[in-house]
Every structure is written in C-alpha cells, then in structure tokens.
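Participant: Handing you this structure, nothing more for now.
Number of protein chains: 2
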Amino acid sequence: MPELTDIDRQEEMDSLIREIRNTLARNEPVEETEVETSSEAVRTLVQQQALSRLASKIERLHAADIAKLLESLPQDERLVIWELVHSDRDGEVLLEVSDSVRDSLIEVMDRDEILNAASTLGTDELADLAPDLPEGMMQDVFTALPIDDREKLRFVMSYQEDTIGGLMDFDLVTVRGEVTIEVALRYLRRMDSLPDHTDKLFVTDRDGLFEGVIHLKTLLISDPETVVADVMERDAIRFHPEDKARDGADAFERYDLISAPVVDEVDRLVGRVTVDAVVDFIREASDEERLSQVGLTEEEDIFAPVRKSVRNRAPWLAVNMVTALVAAQVIGLFEGSIQQLVALAALMPIVAGMGGNIGNQTITMIVRELAFRKLGGEDIRLLYGKELKVALINGVVWGGVLAAVTYLMYQHAGVSIVMMAAVSLNFLSAAFFGVTIPILRTRLGRDPALGSAVMITAITDSGGFFIFLGLATLFLL
Amino acid sequence: MPELTDIDRQEEMDSLIREIRNTLARNEPVEETEVETSSEAVRTLVQQQALSRLASKIERLHAADIAKLLESLPQDERLVIWELVHSDRDGEVLLEVSDSVRDSLIEVMDRDEILNAASTLGTDELADLAPDLPEGMMQDVFTALPIDDREKLRFVMSYQEDTIGGLMDFDLVTVRGEVTIEVALRYLRRMDSLPDHTDKLFVTDRDGLFEGVIHLKTLLISDPETVVADVMERDAIRFHPEDKARDGADAFERYDLISAPVVDEVDRLVGRVTVDAVVDFIREASDEERLSQVGLTEEEDIFAPVRKSVRNRAPWLAVNMVTALVAAQVIGLFEGSIQQLVALAALMPIVAGMGGNIGNQTITMIVRELAFRKLGGEDIRLLYGKELKVALINGVVWGGVLAAVTYLMYQHAGVSIVMMAAVSLNFLSAAFFGVTIPILRTRLGRDPALGSAVMITAITDSGGFFIFLGLATLFLL
Chain A
404 MPELTDIDRQ
414 EEMDSLIREI
424 RNTLARNEPV
434 EETEVETSSE
444 AVRTLVQQQA
454 LSRLASKIER
464 LHAADIAKLL
474 ESLPQDERLV
484 IWELVHSDRD
494 GEVLLEVSDS
504 VRDSLIEVMD
514 RDEILNAAST
524 LGTDELADLA
534 PDLPEGMMQD
544 VFTALPIDDR
554 EKLRFVMSYQ
564 EDTIGGLMDF
574 DLVTVRGEVT
584 IEVALRYLRR
594 MDSLPDHTDK
604 LFVTDRDGLF
614 EGVIHLKTLL
624 ISDPETVVAD
634 VMERDAIRFH
644 PEDKARDGAD
654 AFERYDLISA
664 PVVDEVDRLV
674 GRVTVDAVVD
684 FIREASDEER
694 LSQVGLTEEE
704 DIFAPVRKSV
714 RNRAPWLAVN
724 MVTALVAAQV
734 IGLFEGSIQQ
744 LVALAALMPI
754 VAGMGGNIGN
764 QTITMIVREL
774 AFRKLGGEDI
784 RLLYGKELKV
794 ALINGVVWGG
804 VLAAVTYLMY
814 QHAGVSIVMM
824 AAVSLNFLSA
834 AFFGVTIPIL
844 RTRLGRDPAL
854 GSAVMITAIT
864 DSGGFFIFLG
874 LATLFLL
Chain B
404 MPELTDIDRQ
414 EEMDSLIREI
424 RNTLARNEPV
434 EETEVETSSE
444 AVRTLVQQQA
454 LSRLASKIER
464 LHAADIAKLL
474 ESLPQDERLV
484 IWELVHSDRD
494 GEVLLEVSDS
504 VRDSLIEVMD
514 RDEILNAAST
524 LGTDELADLA
534 PDLPEGMMQD
544 VFTALPIDDR
554 EKLRFVMSYQ
564 EDTIGGLMDF
574 DLVTVRGEVT
584 IEVALRYLRR
594 MDSLPDHTDK
604 LFVTDRDGLF
614 EGVIHLKTLL
624 ISDPETVVAD
634 VMERDAIRFH
644 PEDKARDGAD
654 AFERYDLISA
664 PVVDEVDRLV
674 GRVTVDAVVD
684 FIREASDEER
694 LSQVGLTEEE
704 DIFAPVRKSV
714 RNRAPWLAVN
724 MVTALVAAQV
734 IGLFEGSIQQ
744 LVALAALMPI
754 VAGMGGNIGN
764 QTITMIVREL
774 AFRKLGGEDI
784 RLLYGKELKV
794 ALINGVVWGG
804 VLAAVTYLMY
814 QHAGVSIVMM
824 AAVSLNFLSA
834 AFFGVTIPIL
844 RTRLGRDPAL
854 GSAVMITAIT
864 DSGGFFIFLG
874 LATLFLL
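Those protein sequence lines, which keep their order, are chains A and B. 404 is the number of the first residue of the first sequence in our numbering; add one for each residue after it. 404 is the number of the first residue of the second sequence in our numbering; add one for each residue after it.
Structural data, given as structure tokens:
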C-alpha cells in the first residue's frame, strides 16, 4: 500500500534519502569494504532509534519505491537500508531493482534469507530472479516448491527473457463456455481476490483448449441468463510461448491490450501475458538499447565499484581503438602528401566526421523502420535511391559551404575543390553503407542496431581519410 | 475486429503489401506527382475488381493495422490505399499513423472528409489530431461539437503533449461512495458498454470531489450488500493535469496501473489516464530520443520526399560542421609541428576519438540516472570521484597499449610517451565534462540528453587535438 499517493512524491523520496544520509553520517565514516563492521558500529543507542524510525517509514513504501530508494544510494548506505527492509518483502523488492543493484543485494544475503525471499514469489517471478541467484541456490529453491509449481517454473525457464514465454505468468481465471453469466459471477464471488490485471476471463473447453475470452465488463453489463459462449470474443489475439516478446509488445500497443492468453501448438491455454510485464519489457529494451549504443551493459549503475566500471567500458574502447588504428594507418599512407600540404591534416577530420553524421542518420532511420517490419526488395531499391539522392544533395550543399570556408582559410582553390568532392563522395559512401549495414545484419538474423554506429563510423573515418587524402594526392601534388 | 488473431500476422501483412504492389503495378507506371491522374487511370475494369477485393480485406483490419499498412507504402501507393479505407474509419486510422504519414494523408483530404473523420473521434483524440489539421480547420471542428465537448477539448488542448493533461481522456465511470455494490452493479448493467480500460470505477461525493477508486474485481467478488465506501481504495495514486507525462509513466510502470484518476487543485475529478495512452507515450518518447540523438525529428519517414529529408537532416550537419571547423582551427595552430613530425597527423584522431567514447559512456550513465531522480550534492561529489578514477585507470591502460602500438609503428619513444599522456589527459577531460554537461543542463531546466553527445564530442575532439599536439610541441620539437 503506497503511502505517497501523489506523483509529487519525488520530493518526499529526496527527503527520505536526506534523512538516511544524516542518520548514517552521524556515525563514523564508513569504510568501503567493511560493511559488516560498519553496520555494527552504526548500532549505537541513538542510531538505533533513528534507524527504527527509518525502518517503519520504509515499511510503508511500495516495493517499487523501496527498490528506487536502494538504487539511489551508494553501496554501503544501500546495504544498511537493505537490512532495514522486512524480510517478507525482500522477494518483491529484489524483483524491482536493477540487475546491478540486485547483484549487490543478493551478495550479502545468506542461504536462508534467499530461500525465504524466494518463497514469497510466484513461479514466473522466480524465473526472473533465477539467473541472479548464487550457484547451486536455484536447486534448493526448486526443491522447496510444490510439484505443480516446479513444472511451471521449468516451463518458464525454458524460454528466453525476450520471448512471450519469458514474460508470461500463470494467474489465469478460466470459465467454461457453456455456463451462464450468473454462474460465472457466482464462481468469481467465491474467490478471495482476482489476480492483478484481470480484465477478462479465459474460456476453455473440458480439455483446456482455448475457446475465447470474456471481458469483466461484459460480465458486468450482460443479462445474467446469457450463456458465456454467446457473448465471448472468439477471435481474441493470442500468443505462443516462443513468439518474440517485441512482437507481443507491438500487439499490446497496437490493440491496447491489458492481458492476453498464451496457447501452445494445439491451442491449449498455458498462461497469460499482462500489460505490466509488457511495459517493463519495453522500458528495459529501450534502456538496454541506449546503453548498448555506447557499448555498456546493464551490469553497471552509477555507484558501481570502479573496477566493475572499468571492465564494463573496456570492450567498446577496445573496438574503437582498433578502428582508430586502422584509420591511422590510412593516414600514414599519405604522410608524404601531408608533409607537402599540411592544411590536409587540419581538414581531413571534417570530411570524416560529417560523413559519420550522415551515415548515422541513415542508419537510425532504417533501424527504426526495421523495428516494425521487414523491408522487401522494392523497398530496399527505393531506399538506396532516396538515401543516395539525399546524400548527394547534402554533399554538394555542405561540400560547397566547406569549400567556401576552406578557401577563406587557405586561399587555395585546389584544396577547396578537393574538399567538396571528398565530402560528396564520403556522404555517398556513408549513405550506401548506412542502408547496407542494417539490412545485411537483419538478413543474417542479427540485431540491426547493435554495433551499427561503430561500423559506420569506422567506414566513414577510414574511408573519409582515404578519399580526401587520395584525391589531394592525385590532383594537388 | 482484427481479422488476424495471431501474432504471426506479420507474414499476412507482407502478403497484403505484395498484393497491393501487384494490383497497382498492373497499371501504367505511377507518376510521382500526379496521384489524382494515376488513381483515375487505375480504375479500369479489372483493376476495379482487384481494388474492391483489397478494400474488403482492408475493411476487416484493425485500425492500427491499416495505419501500419499505410506507413509501409511509398507515398503514391499509400494514397491509393487511403482512398480505399472506408471514410468512417478515417479518424481512427489518422490517430494511429505516424506524424509524417498523417501529414501526407490529411494533405489529400478535402474539408468535408476531414470534418467527417473528426466527428468520429472523442475529444481527447481530437486534441491529438488538432495540431496536424490545416489552418482554420480546427475552428470548424470546434463549432461542430456539442457545448460540453467544446469545453473538454479546450481543456485538453491547454496542456502540452508531455503532460498528464495531454494524455488524459474523459471516459469516466463514477459512483457515489454511499451506494451498495448491488446498486453499483445494477447501474453498470444499464449501460450499453463500459469504456475501454475500465478496471476501476471512480468514487466521488456529490460535489464531484474525488474520494477513491473501486476495482471491477472488487465489485465482482464483494458481497452485494457492502457499501462502496467501505471497500474502495482511498489512497489510490492520482495525477494532476499539469504533472509531467514522464512522471506519470513512471508511476504506471512502478505501481502496475491500468487506469488512474486525474484531479484538479481542489481534488475534483476531471478525467483519467489509461495504460494504453501511457504505452504510446513511452514508445513515442523513446523513438523521439533515438532520432534526436542524430539530430532528426519525427517529421521524416523512410519514404519521405528527398526535399523533406534534406531539410530534416540539415541542422545536425550544420552544428557538426561548426564544431569540426573549430577542431580544424585547433589543428591549424600546430601546422608547424605536424610538418616537422608528420606521425602526429596520423595519431591525433585516435586521441580525439577514444576521448569521445569515454565521454559518451559517462554521459549515457548519468542521463540514465537523471531520467528518474535528481542528483544531490553528495551524489555529484561521488560521481566526479568515480568517473575521474575510471577515466584515469582507462587512460593509463589504453594509453599504455597505444603507446606500445605507436612504438611498433614509429620506433619513437617520445611519441609513445606523449601518446599515453595525451590519452590519459583527454580521458580525464572527457569524464569531467561528461559529468558536468548533463548535470548543468538539468540545473538549467533543460533536457540533459538533448545535444549532450554533440557537445562532449566537440570538447573531446578539439580538446584532444590541442592536448596531443600541444604536448608534442612542448616536448618533442
């Protein structure tokens, strides 16, 4: 039950963070690695009181808010607060925090605490948590489950996070098509509560085969004598566990769904997907995309240890170092030319950099389109035509401007002409590869976005240097 | 009612697109500008039949699928298909298509068609469409509305798209707290249908002041004799029209909401927000962010006219040209040094480029954090400390590797040492500005993400050239 019912609770969150800081600051400065010692030292008498005040405030927060609070704190303060969270809520909080914070929290939990947290979760939630549990722990969690749930857990865990199977849960309320609305209503009234996000009941036959859905609002407004089968929706959107989560998210967005049935290959109802799982998926996918553009993973949060950050950032730096060294080799080929006409050294980064811009713009447009459909042969032909035209016009326009500026800088007509030609050619190459890279990656079954920016920049850098210095060498020296 | 009930309908969509292509291709090649003439020519007898077959297929599609179909077609084919869409559905399809496609469709509609399309929409939907209608048209739409709706429309339109007011609708079902569940159920049964995404009723007092919410599932499982006020949720999350849409989206995600009440400053219920509007908002915001990173706007789709594309891409190219020219000036300062030691020209882009990478990584981490909370003084101090440490370690490590590679290339120890020092210093500068730029922008009330990449790259390019060439000039020449 959230204490803070208003969206302005950001401020109250900030004040809670301040209170935590003040409470913990009264204490000796906390050593970075000795969490255990520090949290013992914290427990002086005054501290004790302040902490229990904090604990009762935290108690009243929604699990998602506790998660946010933990994410907002540096490692050592985070662990002190984590101890204040009532153990019954550990499970739901662990589900809400980011991957990197989750790791840091699980690290300090002992076996019993983890098992206890796991016991408060549903099977679909356990499946989300499983990859982050310590080695061997999952087996214990598994054996603690009832037989029925073990099977469900095994089912969900057999699907990747980016499939419908990874998003689905088992909180199904089903009715039979031949009963009347009144019987269905009576059946519902006997339940203590309905699962969250139940906007419809799933109608199945005696073999559990999916027949349709009936909306709660239909139940509410229909004549109680009506038979369910007569008012249910037969052609409701349904998913298969192996469908891509992204396609599912598109369908939720397109058809404004709140929940949807998941059926197996013989149309047996196996679970459902709800909009909250879809929203989380969309958010995480876009977060991941943003990070992966600069070669980062979700593993790092802003308070991650330096060591972890250095490791997280290394792969992208390594790739970029290699492409930069290739570009340096290209420049090296023309050292003689640069020595004769040193203006080339100052101008070559302009040709390379602007080519990179054009290429990235083209790639972004195409990746965006590929996110929601395949491009056919005709589309691709049109695209090459259009992008090359745009690049040519931009090349002539911006190349012309640059030629003028260059002339003002160096009063050398040859350099200006070479500049304009090089910019135009590099723009054309950028547009060509900007279309080719994402389409080729899609054809090869890869993610068109991942690494595209690095590739196009490598091409426009090395290519731009080569074109510019090559033209200069041919025509000016 | 969607014809295609399965998520695999992508294929069926593709086959429909092929059918459209074939139908239109049988005709004379379509001139790009003479849509009117071409669609007349299309109407030969055989064509007529094929088109009406297509029309009846399109008829059966969900509005969102028709929108997707139109977005997937180049301009001239798109307009032929748009004519096949039944005019009653024009309104809902216009709501679903992207901004740039919407413009192209509205352009070919006459006044009556637009008014007719508008008449099929709710006030909150009209508000979404309004900015794209031709000059003066909105007044006509406005006067065609009942007085009551005019006021609502004026209300919604007074809020920006990125506020709760811009997302909300007026499809409220309210009950009074003092009635019993049974009365509430009888009231619902008298309605023909409930609005989409009604998961709860809003409880108000006689003055329309908001008191709480009651979930449909509570209605279904409670004893009919219970009084609504006894089982309603009093501390439900509520929004104000001027709240930021992004904060609203966070709350929907955090608390797994399907609908939420919007109240004014005296707690009077004025509308509601539903999860489908939130999902659309999240999608659009992330789409916009992706485009804005390469300086593009939503105005362009992949089939946009070349002229429009050139214009859309110009501002970013202009900004980048200016920053590239500044970098060229910096290099120009050291022309003498480059002439003496031409290896500098080949190596300087490495220093600049890798600095840009480090800076963009830092900015991405911080923008991600700023998306969900303010960073306090203590946080910022920690962040500078951490990012500078990470940068220094990376500088020494990668600078060391580069020094070694450089030595292999040039056998010049001095160049290697300068390389290592320059990489380290440029990494430190990248980390410093990578923290400073987004935090400063937030303090100034700006979007921390927008343009950050361009700024940091400008700094690491010019700065990297200056540091490297400066050190080389001081110590090697």
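Note that beta-carbon positions come from the ideal geometry of N, C-alpha and C, so glycine has one too. Every value quoted in this text rests on a predicted model; they were computed, and no experiment measured them.
Since A:I617 and A:V630 should fall inside the 8 angstroms C-beta cutoff, what is the C-beta to C-beta distance between them, to a whole number of angstroms?
Facilitator: Not quite, the Cβ-Cβ distance comes to about 11 angstroms (not below 8 angstroms), so this is no contact.
Participant: Could you compute how far the alpha carbon of A:A428 sits from the alpha carbon of B:M724?
Facilitator: 49 angstroms
Participant: In angstroms, rounded to a whole number, what distance separates the CA positions of A:V733 and A:M751?
Facilitator: 12 angstroms
Participant: Closer than 8 angstroms between beta carbons: that is the criterion. Which residues of the region 455 to 470 of chain A meet it against chain B?
Facilitator: For the region 455 to 470 of chain A, which is checked against every Cβ of chain B, the residues closer than 8 angstroms are H465, A467 and D468.
Participant: Is there a Cβ from chain B that is less than 9 angstroms from the Cβ of A:I775?
Facilitator: Residue identity check: residue 775 of chain A is Phe in the sequence provided, not Ile. Answer yes: the Cβ-Cβ gap between A:F775 and chain B drops below 9 angstroms somewhere.
Participant: Classify B:R844: buried if its beta carbon has 16 or more other beta carbons within 10 angstroms, exposed otherwise.
Facilitator: buried
Participant: Relative to chain B, which residues along the region 521 to 540 of chain A have a C-beta separation below 7 angstroms, given in chain order?
Facilitator: none
Participant: Going by the CB atoms, is the gap between B:V729 and B:S522 shorter than 9 angstroms?
Facilitator: no
Participant: Please decide whether B:D679 counts as near chain A, where near means a Cβ-Cβ distance under 9 angstroms.
Facilitator: For B:D679, the closest Cβ of chain A is nearer than 9 angstroms.
Participant: Quick one: is B:I461 buried, meaning 16 or more other Cβ sit within 10 Å of its Cβ, or exposed?
Facilitator: buried
Participant: What residues in the region 588 to 602 of chain B bring their beta carbon closer than 9 angstroms to a beta carbon of chain A?
Facilitator: L588, L591, R592, R593, M594, D595, S596, L597, P598, D599, H600, T601 and D602
Participant: In terms of DSSP beta bridges, what is B:D572 paired with?
Facilitator: Bridge pairing for B:D572: B:R675 [DSSP].
Participant: Per the DSSP calculation, B:P664 is bridged to which residue(s)?
Facilitator: B:R675
Participant: Can you give me the start and stop residues for the beta strand (DSSP E) that A:T577 sits inside?
Facilitator: Counted as a single uninterrupted DSSP element, the beta strand (DSSP E) harbouring A:T577 occupies residues T577 to R579.
Participant: For B:N829 and chain A, any beta-carbon pair shorter than 9 angstroms?
Facilitator: no
Participant: How should A:S490 be labelled, buried or exposed, when 16 other C-beta atoms within 10 angstroms of its C-beta is the threshold for buried?
Facilitator: exposed
Participant: Is there a C-beta anywhere in chain A that falls below 9 angstroms from the one on B:Q542?
Facilitator: Residue contact with chain A for B:Q542: absent (no Cβ-Cβ distance below 9 angstroms to any residue of chain A).
Participant: With three or more C-beta pairs closer than 8 angstroms as the rule, is the region 556 to 573 of chain B touching the region 669 to 689 of chain B?
Facilitator: yes
Participant: What is the residue span of the beta strand (DSSP E) that B:V370 lies within?
Facilitator: Missing from the structure shown is residue 370 of chain B; chain B here goes from 404 to 880 and no further.
Participant: Do B:G698 and A:Q764 have their beta-carbon atoms positioned less than 9 angstroms apart in this structure?
Facilitator: yes
Participant: Using a C-beta cutoff of 9 angstroms, does B:V713 count as contacting chain A?
Facilitator: yes
Participant: Considering only their Cβ atoms, is the gap separating B:S827 from B:L795 smaller than 9 angstroms?
Facilitator: yes
Participant: Pull up the distance between the alpha-carbon of A:G867 and that of A:M858, whole angstroms please.
Facilitator: 14 angstroms
Participant: Using a Cβ-Cβ cut-off of 9 angstroms, state whether B:D626 counts as contacting chain A.
Facilitator: yes
Participant: If you count every other CB in all the chains shown that lies within 10 Å of the CB of A:P851, and 16 or more means buried, which is it?
Facilitator: buried
Participant: Note down, in chain order, every chain A residue with its Cβ under 8 angstroms from the Cβ of B:F655.
Facilitator: V682
Participant: Taking Cβ-Cβ distances shorter than 8 angstroms, what residues in chain A pair up with B:I796?
Facilitator: What B:I796 touches in chain A: V709 and V713.
Participant: List the residues of chain B whose Cβ lies closer than 8 angstroms to the Cβ of A:E738, in chain order.
Facilitator: V745, A746, A748 and A749
Participant: Out of B:F775, B:I705, B:Y658 and B:T860, state which residue places its alpha-carbon closest to the alpha-carbon of A:H465.
Facilitator: B:Y658
Participant: Please confirm whether B:T767 has its beta-carbon closer than 9 angstroms to some beta-carbon of chain A.
Facilitator: With 9 angstroms as the cut-off, B:T767 counts as an interface residue toward chain A.
Participant: Please state whether DSSP places B:V483 in a helix, a strand or coil.
Facilitator: helix
Participant: With a threshold of 9 angstroms between beta-carbons, can A:V818 be considered close to chain B, or not?
Facilitator: no
Participant: Closest by CA to A:Q642, which one among A:I766, A:F655 and A:A632?
Facilitator: Correcting the residue type first, residue 642 of chain A is Phe in the shown sequence and not Gln. Per the Cα distances, A:F655.
Participant: Out of curiosity, what's the CA-to-CA distance linking A:D417 and A:S501?
Facilitator: A:D417 and A:S501 have their C-alpha atoms spaced approximately 19 angstroms apart.
Participant: By the 8 angstroms beta-carbon criterion, what residues does the region 801 to 816 of chain A contribute toward chain B?
Facilitator: W801, V804, L805, V808 and M812
Participant: Applying the criterion that 16 or more other CB atoms from any shown protein chain within 10 Å of the CB defines a buried residue, is B:I705 buried or exposed?
Facilitator: buried
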